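Have a look at the structure below before the remarks.
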Amino acid sequence: MTPTSSPPPLPGRSPARPAEADGLQTVRLGPFTTEAGARLPDVTVGYRTWGTLDADAANAVVVCHALTGDTDATAWWPGLVGAGRLVDPARQFIVCANALGSCYGTDGPGTLDAEGRRLGSRFPRITVRDQARLHARLLNKLGVREVALAVGASMGGMQALELALVDRETGPDRVRRLVLVGMGAAHGAWQIGIGEAHRMAVRADPRWRGGDFPADDPPVDGLAAARAFGMMTYRSATLFDERFGRDAHEPRFEPDDPRFAIESYLRYQGAKLAARFDAGAYVRLTEAMDGHDVGRGRGREDAPTALARLAADALCVGISSDLLYPPQESAALADLLPNGRYAELDSPFGHDAFLVDFEALDALVRPFLADSGFFA
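Per the working numbering: the sequence shown = residues 528 to 903.
Now the structure itself:
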């Protein structure tokens, strides 16, 4: 097949950034046991920081990335993080750690063993709670006494919420504010089904090899297909109809070249992710997201009981056109939090609006932070 030209990407998806990019730091945090009892002998965490921890160690902001994100929050969330933004290194000590199971500095399936082989299927299943526990351990290592704000969207929001819960349960109870975008208290059948469809696409690639593929021959076709499917849940029908309609893709050289512009766009997005992300990490992280349930395993408590104990001020932001996490899930989460409030981001960009509509998101988040004393 002759390569075809690709349409320019819609805004909001960051270009690939290698794990060894400037600013990335790594630290070994010792043995770590997952919720399921698997033991990692000496877990490595990749992270970045901006700004300076104040004398009271109380000005930390934890930014948690989404599924395929990395530690460079100033690159993928420039509307909220950076000089002159809501989260400003001139005022705050900003920490963004790569989630456990990912592939941008923290241990995951792509981590190489002593013989230079990927851990692959030997890397255990993990949970969002495991990720949050590891974030808490990193904060301890950095000397953080108080988290002025934990913020994240999608999987990042799940980590931020679990961080507040884990900290409260194990001490210190240090998360003062939460901003949670495009997520709920638990994954339901809709999100779990979508996650399984992603994994089926990856596993259908013959190069998957049960997750034990060599680093130089990954299942790029399966991961690309998963990403293409994902894009249909990250955006909205209105946006795609306006952007692509039934526009033809030109030129076409071979019978299996895409006929429509939307087909070309999805192939472009799929190939771009497959070139930068580990397929094993994708499977483990989507499994972790599907296990998200703040009520699970907390002394047989349900989500309302678990969340009722959180004292943090919280803003839950739903996105009007979000197909993956309908806005009513964010509204329901806000109702369960004692100091929760709900705001809705009106955007045609679907779930990905948090990566695109920065001004609109700022207009919702800034008043909440001001009211809760964040800027004091």
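Ideal Cβ placement from N, Cα and C applies to all residues, glycine included. On a predicted model such as this, the values are computed, not experimentally measured, just so you know.
Would you identify the three-state DSSP class for residue i, choosing helix, strand or coil?
i: residue 746; result: coil
i: residue 576; result: strand
i: residue 654; result: coil
i: residue 868; result: strand
i: residue 620; result: strand
i: residue 840; result: strand
i: residue 708; result: strand
i: residue 943; result: The structure shown does not extend to residue 943, since the chain spans only 528 to 903, so no value can be given for it.
i: residue 703; result: coil
i: residue 891; result: helix
i: residue 904; result: Nothing about residue 904 can be reported from this structure: the residues present for the chain run from 528 to 903 only.
i: residue 820; result: strand
i: residue 830; result: helix
i: residue 903; result: coil
i: residue 626; result: coil
i: residue 593; result: coil
Can you tell me which of the options puts its alpha carbon nearest to the alpha carbon of residue i?
i: residue 603; options: 894, 585 and 883; result: 883
i: residue 859; options: 804, 642, 707 and 594; result: 707
i: residue 616; options: 634, 578 and 869; result: 578
i: residue 850; options: 709, 731 and 885; result: 709
i: residue 862; options: 673, 575, 831 and 571; result: 831
i: residue 682; options: 722, 649 and 699; result: 722
i: residue 902; options: 631, 576, 643 and 676; result: 676
i: residue 745; options: 802, 760 and 698; result: 802
i: residue 896; options: 733, 840, 569 and 747; result: 840
i: residue 698; options: 673, 704, 720 and 687; result: 673
i: residue 716; options: 818, 867, 568 and 770; result: 818
i: residue 704; options: 719, 684, 886 and 696; result: 684
i: residue 594; options: 571, 567, 725 and 554; result: 725
i: residue 889; options: 835, 875, 853 and 842; result: 842
i: residue 865; options: 852, 881, 853 and 836; result: 836
i: residue 644; options: 584, 732 and 739; result: 739
i: residue 733; options: 592, 771 and 806; result: 806
i: residue 576; options: 777, 776, 625 and 680; result: 625
i: residue 666; options: 712, 572, 646 and 618; result: 572
i: residue 647; options: 584, 737 and 885; result: 737
Thinking residue i and residue j are a contact (beta carbons under 8 Å), I'd like their distance in whole angstroms, please.
i: residue 580; j: residue 671; result: 7 Å
i: residue 815; j: residue 693; result: Not confirmed; about 14 Å, so no contact.
i: residue 742; j: residue 651; result: Actually they are not in contact, since the Cβ atoms of residue 742 and residue 651 sit about 19 Å apart, beyond 8 Å.
i: residue 822; j: residue 838; result: Incorrect: roughly 18 Å between the Cβ atoms, too far for contact.
i: residue 691; j: residue 702; result: 4 Å
i: residue 892; j: residue 613; result: 6 Å
i: residue 762; j: residue 873; result: Between residue 873 and residue 762 the Cβ distance is about 15 Å, and since that is not below 8 Å, they are no contact.
i: residue 798; j: residue 751; result: 5 Å
i: residue 877; j: residue 846; result: 7 Å
Tell me residue i's beta-bridge partners as DSSP assigns them.
i: residue 587; result: 620 and 674
i: residue 560; result: 566
i: residue 552; result: 574
i: residue 775; result: 787
i: residue 645; result: 639
i: residue 912; result: What is shown of the chain runs 528 to 903, which leaves residue 912 out entirely.
Three Cβ pairs or more, each shorter than 8 Å: is that satisfied between the stretch 587-595 and the stretch 638-651? no
Within the chosen definition, does the stretch 592-600 reach the stretch 555-563 through at least 3 CB pairs nearer than 8 Å? no
Are the stretch 620-632 and the stretch 796-811 touching, with three or more C-beta to C-beta distances below 8 Å? yes
Taking 8 Å as the cut-off, does the stretch 785-799 touch the stretch 748-756 (at least 3 CB pairs, one atom from each stretch)? yes
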